[in-house]
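S.K.: Chains as they are written, first to last, in the working numbering: chain A, 1 to 215; chain B, 216 to 430.
There are 2 protein chains.
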Amino acid sequence: MPPLAQVTPIKTARRTEIRRENERVILDAAERVFAEAGFGGATMQLIADMAGLPKANLHYYFPTKEALYRRVVQNIFEIWLDAASTFDGAEDPATGIGGYIDAKMEISRRHPHGSKVWAAEVMQGAPVIQDYLETTLKDWTDGRISVIQRWIDQGKMAPINPRHLLYMLWATTQHYADFGHQIETLNGAQPLSDRQWRDAKASVKTILLRGIGAL
Amino acid sequence: MPPLAQVTPIKTARRTEIRRENERVILDAAERVFAEAGFGGATMQLIADMAGLPKANLHYYFPTKEALYRRVVQNIFEIWLDAASTFDGAEDPATGIGGYIDAKMEISRRHPHGSKVWAAEVMQGAPVIQDYLETTLKDWTDGRISVIQRWIDQGKMAPINPRHLLYMLWATTQHYADFGHQIETLNGAQPLSDRQWRDAKASVKTILLRGIGAL
DNA sequence: TCGTTTCCTGACCGTATGGTCAAATCACAG
DNA sequence: CTGTGATTTGACCATACGGTCAGGAAACGA
Numbered sequence: 001m002p003p004l005a006q007v008t009p010i011k012t013a014r015r016t017e018i019r020r021e022n023e024r025v026i027l028d029a030a031e032r033v034f035a036e037a038g039f040g041g042a043t044m045q046l047i048a049d050m051a052g053l054p055k056a057n058l059h060y061y062f063p064t065k066e067a068l069y070r071r072v073v074q075n076i077f078e079i080w081l082d083a084a085s086t087f088d089g090a091e092d093p094a095t096g097i098g099g100y101i102d103a104k105m106e107i108s109r110r111h112p113h114g115s116k117v118w119a120a121e122v123m124q125g126a127p128v129i130q131d132y133l134e135t136t137l138k139d140w141t142d143g144r145i146s147v148i149q150r151w152i153d154q155g156k157m158a159p160i161n162p163r164h165l166l167y168m169l170w171a172t173t174q175h176y177a178d179f180g181h182q183i184e185t186l187n188g189a190q191p192l193s194d195r196q197w198r199d200a201k202a203s204v205k206t207i208l209l210r211g212i213g214a215l
Numbered sequence: 216m217p218p219l220a221q222v223t224p225i226k227t228a229r230r231t232e233i234r235r236e237n238e239r240v241i242l243d244a245a246e247r248v249f250a251e252a253g254f255g256g257a258t259m260q261l262i263a264d265m266a267g268l269p270k271a272n273l274h275y276y277f278p279t280k281e282a283l284y285r286r287v288v289q290n291i292f293e294i295w296l297d298a299a300s301t302f303d304g305a306e307d308p309a310t311g312i313g314g315y316i317d318a319k320m321e322i323s324r325r326h327p328h329g330s331k332v333w334a335a336e337v338m339q340g341a342p343v344i345q346d347y348l349e350t351t352l353k354d355w356t357d358g359r360i361s362v363i364q365r366w367i368d369q370g371k372m373a374p375i376n377p378r379h380l381l382y383m384l385w386a387t388t389q390h391y392a393d394f395g396h397q398i399e400t401l402n403g404a405q406p407l408s409d410r411q412w413r414d415a416k417a418s419v420k421t422i423l424l425r426g427i428g429a430l
């Protein structure tokens, strides 16, 4: 009896798996190296070593260093967008903004490298993701400003400038990733413990939510 | 009659002036280039072009790229330390912390390049200024934590974690320099006006001071 | 004016880097 | 097993970069 014909087109399952896995390994290594050395300081050789692959293999999957970098940055932006959705569907600022802070702090903890790559990209004038800033980010920002303004109009929070509130949310949460090394140094060269992370989250939420009159 | 002997040792006034001026021009150009390209992406040739000097002349004043970079980072740290003194001598959190926010926002506005270089340096693990983090910054931080704790004990503000408050102060104020390009893009590709800067300062101060119960 | 020190700079060098390529290997279908 | 196309990789190349150096120009003291 011949093997059952696969209905789902698994066909070249092995090859697909190889490609998926190698791209993942390369992207992980690239994210680290780009974060630790910047785009200019990163070398394909270093990324290759960290990925455990020959350099020429990287160029097989990603034609150029810049193409690899673009993929890394895009991945981060998608993660960021996922967290951004936390904002939606909340009835009041305490849950909406509080949940957003939680989500972004969690990203800072789980994706510190990605956050640093994003920060460096923006600091250098966003040469690669300028269009995202002008379209997706701008739209998202405008939408969230409307939501906040509505909360203000409904008397659910103090009349602050929604735009600057958003900047403060981004700044405070991403700081724990981008300046994680500084925080760690000031913590006696120790990474923040679970307890300290909870404390950080609580501090940020308390100060900001009380600051906007939502507590 | 021979010229009056200069009591003040002006002696080689011209040469001193040349050196001072050239170092200034080079450091200004270096700060810009390091901020816009990162240490790895910056080239001595680019810095030389921006300074309007031949590349070999840079190496006359600064032996290596790293030596030049160190000087840039140290300059920024000194500016930062100046602003940090604003904290001292304040009787209550509203003036102490409010003044500190004002000072740091002013730095973000006047030295955006320097702030970015500092941020990139820390993000990459502070390879050059790690000792500063462990000594000067740690001491300053501990001192300020004491001051804040005293204010809390005196009932002048809410009982928050002073350390995380400091992180929030750094994050929110430096964000306006480090992510200035993003802010500018979201502002319709326009730099913040005087009015908008005042609004930013006021927003940050209002939210944070109310957030810590000092208003 | 003259000797000395500092400053300036075009030409040059060794190395590291991003990227290419052709040959070998492997997965897969028939 | 065989043919085909995807994958792997060591060797290689052109370029760009940090840094050097020798020789000339300018500033300075006497």
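We treat Cβ as the ideally placed atom computed from N, Cα and C, and that holds for glycine.
How big is the Cα-Cα spacing for Glu399 of chain B and Leu273 of chain B?
M.R.: Answer to the nearest angstrom: the Cα atoms are 33 Å apart.
S.K.: Report the rounded CA-to-CA distance for Glu36 of chain A versus Ala42 of chain A, giving the unit in angstroms.
M.R.: Their Cα atoms are separated by approximately 8 Å.
S.K.: How is Trp117 of chain A classed by DSSP in three states: helix, strand or coil?
M.R.: As written in the sequence, residue 117 of chain A is Val, which differs from the Trp given in the question. Note: Val117 of chain A maps to helix in three-state DSSP.
S.K.: Which word fits Thr387 of chain B, buried or exposed, when buried means at least 16 other C-beta atoms lie within 10 angstroms of its C-beta?
M.R.: That one is buried.
S.K.: Around the C-beta of Asp368 of chain B, are 16 or more other C-beta atoms found within 10 angstroms, so that it is buried, or is it exposed?
M.R.: Exposed, by the Cβ-count rule.
S.K.: Output the distance between the C-alpha atoms of Val362 of chain B and His379 of chain B, rounded to the nearest integer angstrom.
M.R.: Straight-line Cα distance between these residues: approximately 14 Å.
S.K.: Three-state secondary structure (DSSP) at Met157 of chain A?
M.R.: Met157 of chain A falls in the coil class under three-state DSSP.
S.K.: Looking at chain A, which residues of the region 370-383 of chain B have a Cβ within less than 8 Å of any of its Cβ atoms?
M.R.: From the region 370-383 of chain B, only Ala373, Ile375, Asn376, Arg378, His379, Leu380, Tyr382, Met383 have a Cβ closer than 8 Å to chain A.
S.K.: What separation, rounded to the nearest whole angstrom, lies between the Cα atoms of Gln184 of chain B and Asp354 of chain B?
M.R.: This structure gives no information on residue 184 of chain B, because the portion of chain B shown stretches from 216 to 430.
S.K.: Return helix, strand or coil for Gly403 of chain B, following the three-state DSSP convention.
M.R.: Coil, per DSSP.
S.K.: When DSSP labels each residue in this structure, what does Glu306 of chain B get in the three-state scheme?
M.R.: It is coil, neither helix nor strand.
S.K.: Check whether chain B comes within 7 Å of Leu46 of chain A, counting only Cβ atoms and requiring the distance to be less than that.
M.R.: Answer no: the Cβ-Cβ gap between Leu46 of chain A and chain B never drops below 7 Å.
S.K.: Cβ closer than 9 Å: which chain A residues qualify as neighbours of Ala341 of chain B?
M.R.: Under the 9 Å cutoff, chain A gives His181, Gln182, Thr185.
S.K.: Out of curiosity, what's the CA-to-CA distance linking Gly213 of chain A and Ile207 of chain A?
M.R.: Near 10 Å, if we compare the C-alpha coordinates of Ile207 of chain A and Gly213 of chain A.
S.K.: With a threshold of 16 other CB atoms inside 10 Å of the CB of Tyr100 of chain A, please say whether the residue is buried or exposed.
M.R.: By the neighbour-count rule (16 or more Cβ atoms within 10 Å), Tyr100 of chain A is buried.
S.K.: Alpha carbon to alpha carbon, how far is Ala84 of chain A from Pro93 of chain A? Give it in angstroms, no decimals.
M.R.: Between Pro93 of chain A and Ala84 of chain A, the C-alpha separation is close to 14 Å.
S.K.: Name, please, each residue of chain A whose Cβ falls closer than 8 Å to the Cβ of Trp385 of chain B.
M.R.: Chain A residues near Trp385 of chain B: His175, Phe179.
S.K.: Quick one: Cα of Leu192 of chain A to Cα of Asp243 of chain B, how far?
M.R.: Spanning the two alpha carbons is a distance of roughly 37 Å.
S.K.: How long is the line joining the alpha carbons of Leu209 of chain A and Leu381 of chain B, rounded to whole angstroms?
M.R.: Distance between the alpha carbons of Leu209 of chain A and Leu381 of chain B is about 17 Å.
S.K.: Nearest to Ala438 of chain B by alpha carbon, out of B:Asn376, B:Lys280, B:Val248, B:Asn290?
M.R.: Absent from the structure is residue 438 of chain B, since the part of chain B shown begins at 216 and ends at 430.
S.K.: Grouping DSSP H, G and I as helix and E and B as strand, with all else coil, what is Ser193 of chain A?
M.R.: In this structure, Ser193 of chain A counts as coil in the three-state DSSP scheme.
S.K.: Taking buried to mean at least 16 other C-beta atoms within 10 Å of its own C-beta, is Gly155 of chain A buried or exposed?
M.R.: So Gly155 of chain A ends up on the exposed side.
S.K.: Taking C-beta to C-beta, are Met383 of chain B and Asp178 of chain A nearer than 7 Å?
M.R.: The answer is no: Cβ separation not under 7 Å.
S.K.: So what does DSSP say about Gln124 of chain A, is it helix, strand or coil?
M.R.: Residue state, collapsed to three classes: coil.
S.K.: What do you get for Thr86 of chain A, buried or exposed, if any count of 16 or more other CB atoms within 10 angstroms of its CB means buried?
M.R.: With 16 or more Cβ atoms within 10 Å of its Cβ, Thr86 of chain A is classed as buried.
S.K.: For chain A, is any of its Cβ atoms less than 7 Å away from the one on Thr350 of chain B?
M.R.: Not closer than 7 Å to any Cβ of chain A, the Cβ of Thr350 of chain B fails to qualify, so no.
S.K.: Mind listing which residues of the region 271-282 of chain B have their C-beta closer than 9 Å to chain A's C-betas, in chain order?
M.R.: Listed by position along the chain: nothing, the set is empty.
S.K.: Check whether chain B comes within 7 Å of Ile97 of chain A, counting only Cβ atoms and requiring the distance to be less than that.
M.R.: No, its Cβ sits nowhere closer than 7 Å to a Cβ of chain B.
S.K.: Pick helix, strand or coil for Val204 of chain A, following the three-state DSSP scheme.
M.R.: Helix at Val204 of chain A.
S.K.: Give every residue of the same chain whose Cβ lies closer than 6 Å to the Cβ of Trp366 of chain B, excluding the five residues on either side of it in the sequence, and list them in chain order.
M.R.: For Trp366 of chain B, where only same-chain residues beyond five positions count, the Cβ hits under 6 Å are Pro308, Met372.
S.K.: Run the CB neighbour count on Pro63 of chain A, radius 10 Å, all protein chains shown included, and call it buried at 16 or more, exposed below.
M.R.: That one is exposed.
S.K.: How is Gly213 of chain A classed by DSSP in three states: helix, strand or coil?
M.R.: Note: Gly213 of chain A maps to coil in three-state DSSP.
S.K.: List, in chain order, every chain A residue whose beta-carbon is nearer than 8 Å to that of Asp414 of chain B.
M.R.: Those are Asn161, His164, listed as they occur along chain A.
S.K.: Within 7 Å (strictly less), CB to CB, does Ala429 of chain B reach chain A?
M.R.: Chain A contact via Cβ: absent.
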